[in-house]
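**Student:**
Protein chains: 2
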Amino acid sequence: MRPTVHDIAAKAGVSLATVDRVLNGRPGVRAVTRARVEEAIERLGYVRDVAAANLAKGRVYPLVFIIPEGENPFMRGLEAEVRLAATRSSFERTRIAVVHVPPFDAPALAKAIDAAIAEGVAGIAAVAVDAPEVAAAIGRARAAGIAFVTLVSDLAASARDHFCGVDNLAAGRTAGSLMARFLGARPGAVAVLAGSMLVRDHRERLEGFRALMAEAGGGRQVLDVLEGQDEPERARALVGACLVAHPELAGIYSLGAGNAGLVAALEAAGRGDVCVIAHEITEPTRLGLERGVIDAVLNQDAGHEVRSAIRVLRAKADGLPVIAAQERIRIDIFIKENLPQPLDETGTARAAEA
Amino acid sequence: MRPTVHDIAAKAGVSLATVDRVLNGRPGVRAVTRARVEEAIERLGYVRDVAAANLAKGRVYPLVFIIPEGENPFMRGLEAEVRLAATRSSFERTRIAVVHVPPFDAPALAKAIDAAIAEGVAGIAAVAVDAPEVAAAIGRARAAGIAFVTLVSDLAASARDHFCGVDNLAAGRTAGSLMARFLGARPGAVAVLAGSMLVRDHRERLEGFRALMAEAGGGRQVLDVLEGQDEPERARALVGACLVAHPELAGIYSLGAGNAGLVAALEAAGRGDVCVIAHEITEPTRLGLERGVIDAVLNQDAGHEVRSAIRVLRAKADGLPVIAAQERIRIDIFIKENLPQPLDETGTARAAEA
DNA sequence: ATATTTCTGATGTACGTAAATCAGAAATTT
DNA sequence: AAATTTCTGATTTACGTACATCAGAAATAT
Chain A
1 MRPTVHDIAA
11 KAGVSLATVD
21 RVLNGRPGVR
31 AVTRARVEEA
41 IERLGYVRDV
51 AAANLAKGRV
61 YPLVFIIPEG
71 ENPFMRGLEA
81 EVRLAATRSS
91 FERTRIAVVH
101 VPPFDAPALA
111 KAIDAAIAEG
121 VAGIAAVAVD
131 APEVAAAIGR
141 ARAAGIAFVT
151 LVSDLAASAR
161 DHFCGVDNLA
171 AGRTAGSLMA
181 RFLGARPGAV
191 AVLAGSMLVR
201 DHRERLEGFR
211 ALMAEAGGGR
221 QVLDVLEGQD
231 EPERARALVG
241 ACLVAHPELA
251 GIYSLGAGNA
261 GLVAALEAAG
271 RGDVCVIAHE
281 ITEPTRLGLE
291 RGVIDAVLNQ
301 DAGHEVRSAI
311 RVLRAKADGL
321 PVIAAQERIR
331 IDIFIKENLP
341 QPLDETGTAR
351 AAEA
Chain B
1 MRPTVHDIAA
11 KAGVSLATVD
21 RVLNGRPGVR
31 AVTRARVEEA
41 IERLGYVRDV
51 AAANLAKGRV
61 YPLVFIIPEG
71 ENPFMRGLEA
81 EVRLAATRSS
91 FERTRIAVVH
101 VPPFDAPALA
111 KAIDAAIAEG
121 VAGIAAVAVD
131 APEVAAAIGR
141 ARAAGIAFVT
151 LVSDLAASAR
161 DHFCGVDNLA
171 AGRTAGSLMA
181 RFLGARPGAV
191 AVLAGSMLVR
201 DHRERLEGFR
211 ALMAEAGGGR
221 QVLDVLEGQD
231 EPERARALVG
241 ACLVAHPELA
251 GIYSLGAGNA
261 GLVAALEAAG
271 RGDVCVIAHE
281 ITEPTRLGLE
291 RGVIDAVLNQ
301 DAGHEVRSAI
311 RVLRAKADGL
321 PVIAAQERIR
331 IDIFIKENLP
341 QPLDETGTAR
351 AAEA
């Protein structure tokens, strides 16, 4: 069996209370005694039983996730993952609340952050909007001793503890690389459909994509960005017009949401030959892949991001270090052939990595 | 706070003992009373605190992982993941042992399984070799009430409870699809490098690859399989000879291990133009991607597989159902641009700013 | 109505840790 | 040497559940 605090006490020849003081960094232990206890811990290979410890302290960590409202299917999936994690994590003495804010609305986000601070939560996770007032609110949270992570989209000039999301520059480069390889020698320009240049993740993806297309050579033209506000209808209109204006168009990189409109426009124009690369496995992109309208989808696993955010928030709330490598979110590539089956109706399905 | 057994007892107007009987399916409760208790459980939304429950029962699950020995870097990575999970899972009252067997050696594997049975473990995970004596040993394990999962490579005609690995047919198809797209209209045959046609996962990958290449049209020739036994030196020799015999070779699909040899042969021949698709992110494939010798790597996340195997074994040992969709392992695609950075020896990231 | 079986309540211990209290020992200061 | 401070030990309660025991109540059979 694993050694317990009792074993340490016996081995070090001290009482349980002293072991407890050493283990929990409480004062009242002479340096010599502390060293003896620590040696016993080392020699016995003692590891704290977190379950028992949590049980004993009966502490709960109230966390808040601030997520954009609206129809964006990725955000809705993200929220579903938060709620799923919330039920699971009640075992881990974490209480999770979800708060909605309008998308791309910095003042509303700042207000939501301040509300969470007032509630006295232990940690906040938020999909950041890149604006000074948001950075200021994050500063206030941190000043109040509240852990803060940005989710999906970062905000560099802020005091956030950690960013839970993918390297969007690398994501853009990946999209560019796939586009270049899939198109090969085929001539024609490439269009880019984005949500808004006001969010950092979209800007970074575009930057990475453009950089790689330039490096790839061949002088392929990348057209001006179409900003669809992540809304399917706008995306449909923009892409439809673009297909008319550029009949020779060879590829489209959709780096935001609104992909239902993108697929609709392509199908309406009968342009299944256009090479399309999009982001995030959602209902529209899944259908697009299956029907061959979309060629590849880059994905960030929302479940991973949420669970990582929870781990980081709890660690920060406890003042523990975070192992960055463990929290890195991968950029998944999906094509028709390796597309995982959709979740079942219970919504519980997901390859849990915990 | 979450409701506890005490709350249920109060709500249902019964004693703690009765609640316990209902919760744990013990006899001695009238149907009427049981219904009352169950209603209270329902109404209060009671969920058993697994941590406290495990603590109380103090049960441990001894599990054994049987893994091929040798230099195969994927297997070594798999073993590392098992050991990592072992340290973490001691919290979950699981004790994990690792046993080595020679690769592709059915009698040795059967013997290892029988040894584990004799030890009275609660569950066994093994990288299967597709042979009748192995299936028989699995049958004996199951007959002894021991949970059994196959890991990475399956063995269909056996009594194993579950297979923890990817859909290798789909993996082969994915490789085929990428190969076809990357090559485009470029002429030339495609070679296949495998470990051994005696293991099921390699056979299935080949089948999927061939099927998709046929469907893709263009009449591209797929050469006879080169069997490298997952050994780098053999692979190097086979590929080197193949490059001489087929100067027009356009692509190579490496569906097993020994990729260090593959990369060496390609570099020696100066054939960076050959489109190469390999399996598993390991040191050689990572280097191959970074240097541009390998174009894409399909990966199965060994960590996911191991954790899934542990979850399944524990569930089976407890007689609980497994949600198959939750345990599905994805086929990851990596190219140079979305390759995750390797971890350094401390487990922390090399470049983790963001 | 009595005997018997079946159900239920009350109570206690255990799991491994956290945290508090209080008494006593050791070290330090006066 | 006495007074004080600082350290340490012993002990207890608590967390939420599992599990065992025993007595008593209720239901059923005789």
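Just so you know, the protein sequences line up as chains A and B, in that order.
Going by UniProt numbering, the letters in the first sequence line up with residues 1 to 354, in that order.
Going by UniProt numbering, the letters in the second sequence line up with residues 1 to 354, in that order.
Backbone N, C-alpha and C fix where the C-beta goes; we use that ideal spot for every residue, glycine too.
Could you tell me which residues DSSP puts in a beta bridge with Y61 of chain A?
**Tutor:** On the first sequence, residue 61 of chain A is found 61 positions in, with the first residue counted as 1. For Y61 of chain A, which the question treats as bridged, DSSP gives the partners A:T94.
**Student:** Of all Cβ atoms in chain B, is any one closer than 7 Å to the Cβ of I277 of chain A?
**Tutor:** Residue numbering aside, residue 277 of chain A sits at position 277 when the first sequence is read from its first letter. Not one chain B Cβ lies under 7 Å of I277 of chain A.
**Student:** Using 7 Å as the limit for Cβ to Cβ distance, is P340 of chain B near chain A?
**Tutor:** Position 340 of the second sequence holds residue 340 of chain B. Cβ-Cβ to chain A under 7 Å: yes for P340 of chain B.
**Student:** Step through the CB atoms of chain B and report whether any lies within less than 7 Å of the CB of L249 of chain A.
**Tutor:** Against the first sequence, residue 249 of chain A aligns to sequence position 249. No, L249 of chain A does not count as interfacial toward chain B.
**Student:** Name the DSSP bridge partner or partners of G251 of chain B?
**Tutor:** Position 251 of the second sequence, counted from the first residue, corresponds to residue 251 of chain B. Answer is B:V190, B:C275.
**Student:** Output, in chain order, the set of chain B residues within a Cβ distance shorter than 8 Å of K336 of chain A.
**Tutor:** Within the first sequence, the letter at position 336 stands for residue 336 of chain A. Residues of chain B passing the Cβ test: S177.
**Student:** Along the beta strand (DSSP E) that carries F163 of chain A, what are the first and last residues, could you check?
**Tutor:** Reading the first sequence from its first residue, position 163 is the one you call residue 163 of chain A. Run containing F163 of chain A: 162-164, per the beta strand (DSSP E) assignment.
**Student:** Going by C-alpha to C-alpha distance, which of A:P232, A:D273, A:M179 sits closest to R210 of chain A?
**Tutor:** Taking the first residue of the first sequence as 1, we reach residue 210 of chain A at position 210. It is A:M179.
**Student:** Between the region 145-175 of chain B and chain A, which residues of the former have CB atoms less than 8 Å from a CB of the latter, in chain order?
**Tutor:** Listed by position along the chain: A170, A171, R173, T174.
**Student:** According to DSSP, is H304 of chain A part of a helix, a strand, or is it coil?
**Tutor:** Here residue 304 of chain A corresponds to residue number 304 of the first sequence, with the count starting at 1. If DSSP states are grouped into helix, strand and coil, H304 of chain A belongs with the helices.
**Student:** Just checking: is the beta-carbon of L226 of chain A within a distance shorter than 7 Å of some beta-carbon in chain B?
**Tutor:** In the first sequence, residue 226 of chain A corresponds to position 226, counting from 1. No, L226 of chain A lies away from the interface with chain B (no Cβ there is under 7 Å from its Cβ).
**Student:** Counting only beta-carbon atoms, is L55 of chain B nearer than 7 Å to chain A?
**Tutor:** Within the second sequence, numbered from 1, the residue matching residue 55 of chain B stands at position 55. By this cut-off, L55 of chain B is an interface position.
**Student:** Give me the Cβ distance between I124 of chain A and I113 of chain A, rounded to the nearest whole Å; I'm assuming they're in contact under 8 Å.
**Tutor:** Sequence index remark: in the first sequence, residue 124 of chain A carries index 124 (1-based). Sequence index remark: in the first sequence, residue 113 of chain A carries index 113 (1-based). With a Cβ gap of about 6 Å, I124 of chain A and I113 of chain A count as contacting.
**Student:** Quickly, what does DSSP pair H100 of chain A with across the bridge? List them, please.
**Tutor:** Taking the first sequence and counting its residues from 1, the one referred to as residue 100 of chain A is at position 100. H100 of chain A is bridged to A:I67.
**Student:** Thinking C-beta only, is R59 of chain B closer than 7 Å to R21 of chain B?
**Tutor:** The residue you call residue 21 of chain B lines up with position 21 of the second sequence. The residue you call residue 59 of chain B lines up with position 59 of the second sequence. Contact flag unset, no.
**Student:** Under 8 Å Cβ-Cβ, which residues of chain B neighbour D7 of chain A?
**Tutor:** Counting from one through the first sequence, the residue named residue 7 of chain A turns up at place 7. By Cβ distance, chain B contributes nothing, its closest Cβ being about 15 Å from D7 of chain A, past 8 Å.
**Student:** Whether or not the region 204-223 of chain B and the region 261-269 of chain B are in contact is what I'm after, with contact meaning three or more pairs of Cβ atoms, one per stretch, closer than 8 Å; do they touch?
**Tutor:** Output reads no: the region 204-223 of chain B does not touch the region 261-269 of chain B.
**Student:** In terms of DSSP beta bridges, what is L151 of chain A paired with?
**Tutor:** In the first sequence, counting from the first residue as 1, residue 151 of chain A sits at position 151. Paired residue(s): A:C164.
**Student:** Mind listing which residues of the region 179-205 of chain B have their C-beta closer than 7 Å to chain A's C-betas, in chain order?
**Tutor:** Result list: R181, F182, G184.
**Student:** Whole angstroms is fine: what's the gap from L16 of chain B's alpha carbon to A35 of chain B's?
**Tutor:** Against the second sequence, residue 16 of chain B aligns to sequence position 16. Against the second sequence, residue 35 of chain B aligns to sequence position 35. In a straight line, the C-alpha of L16 of chain B is about 15 Å away from that of A35 of chain B.
**Student:** CB A40 of chain B to CB K11 of chain B, shorter than 7 Å?
**Tutor:** Start at 1 with the first residue of the second sequence, and residue 40 of chain B comes out as number 40. Start at 1 with the first residue of the second sequence, and residue 11 of chain B comes out as number 11. Cβ atoms of A40 of chain B and K11 of chain B: closer than 7 Å.
**Student:** So for A51 of chain B, helix, strand or coil by DSSP?
**Tutor:** Position 51 of the second sequence, counted from the first residue, corresponds to residue 51 of chain B. Here A51 of chain B sits in helix by DSSP.
**Student:** Taking DSSP as the reference, what is the three-state secondary structure of D224 of chain B?
**Tutor:** Position 224 of the second sequence, counting from 1, holds the residue named residue 224 of chain B. Strand, per DSSP.
**Student:** Relative to the C-alpha of R286 of chain A, which residue among A:R142, A:G176, A:G28, A:N338 is closest?
**Tutor:** For this step, residue 286 of chain A is matched to residue 286 along the first sequence. With distances taken between Cα atoms, R286 of chain A lies closest to A:N338.
**Student:** Closer than 7 Å by beta-carbon distance: list the chain A residues that pair up with D332 of chain B, in chain order.
**Tutor:** Here residue 332 of chain B refers to the residue found at position 332 of the second sequence. By Cβ distance, chain A contributes D332.
**Student:** Taking only the alpha-carbon atoms, compute the straight-line gap between L262 of chain B and F334 of chain B and give it to the nearest angstrom.
**Tutor:** Taking the second sequence and counting its residues from 1, the one referred to as residue 262 of chain B is at position 262. Taking the second sequence and counting its residues from 1, the one referred to as residue 334 of chain B is at position 334. Approximately 18 Å between the Cα atoms of the pair.
**Student:** Relative to the alpha-carbon of V225 of chain A, which residue among A:L193, A:V244, A:R200, A:G219 has its alpha-carbon at the smallest distance?
**Tutor:** Indexing the first sequence from 1 puts residue 225 of chain A at position 225. The shortest Cα separation from V225 of chain A among A:L193, A:V244, A:R200, A:G219 belongs to A:L193.
**Student:** Examine chain A for any beta-carbon lying closer than 7 Å to the beta-carbon of A51 of chain B, and answer yes or no.
**Tutor:** As a working note, residue 51 of chain B is residue 51 in the second sequence. Interface residue, yes.
**Student:** Looking at the unbroken alpha helix (DSSP H) that takes in L266 of chain A, where does it start and where does it end?
**Tutor:** Counting from one through the first sequence, the residue named residue 266 of chain A turns up at place 266. Start and end: 259-268.
**Student:** What are the complete alpha helix (DSSP H) segments, minimum 4 residues, inside the UniProt domain "HTH lacI-type" (3-57) of chain A?
**Tutor:** Complete alpha helix (DSSP H) runs here, min 4: 5-12, 16-23, 31-44, 50-57.
**Student:** What are the partner residues of N299 of chain B, as DSSP defines its beta bridges?
**Tutor:** Position 299 of the second sequence holds residue 299 of chain B. According to DSSP, which records beta bridges pairwise, N299 of chain B is partnered with B:D332.
**Student:** Please determine, among A:A85, A:V121, A:T87, A:I66, the residue with the shortest C-alpha to C-alpha distance to F104 of chain A.
**Tutor:** Here the question's residue 104 of chain A lines up with position 104 in the first sequence. Of the candidates A:A85, A:V121, A:T87, A:I66, the one whose C-alpha sits nearest the C-alpha of F104 of chain A is A:I66.
**Student:** So which residues of chain B does L238 of chain A contact, with C-beta pairs closer than 9 Å?
**Tutor:** Counted from its first residue, the first sequence places residue 238 of chain A at position 238. Those do not exist, as L238 of chain A stays about 27 Å from chain B at its closest Cβ, beyond 9 Å.
**Student:** Please list the terminal residues of the continuous alpha helix (DSSP H) segment that includes I138 of chain A.
**Tutor:** Taking the first sequence and counting its residues from 1, one reaches residue 138 of chain A at position 138. Run containing I138 of chain A: 132-143, per the alpha helix (DSSP H) assignment.
**Student:** According to DSSP, is A122 of chain A helix, strand or coil?
**Tutor:** Stepping through the first sequence from its first residue, residue 122 of chain A is reached at position 122. A122 of chain A: coil per DSSP, three-state reduction.
**Student:** How long is the line joining the alpha carbons of V101 of chain A and P3 of chain B, rounded to whole angstroms?
**Tutor:** The residue given as residue 101 of chain A occupies position 101 in the first sequence. The residue given as residue 3 of chain B occupies position 3 in the second sequence. The straight-line gap from Cα to Cα measures roughly 31 Å.
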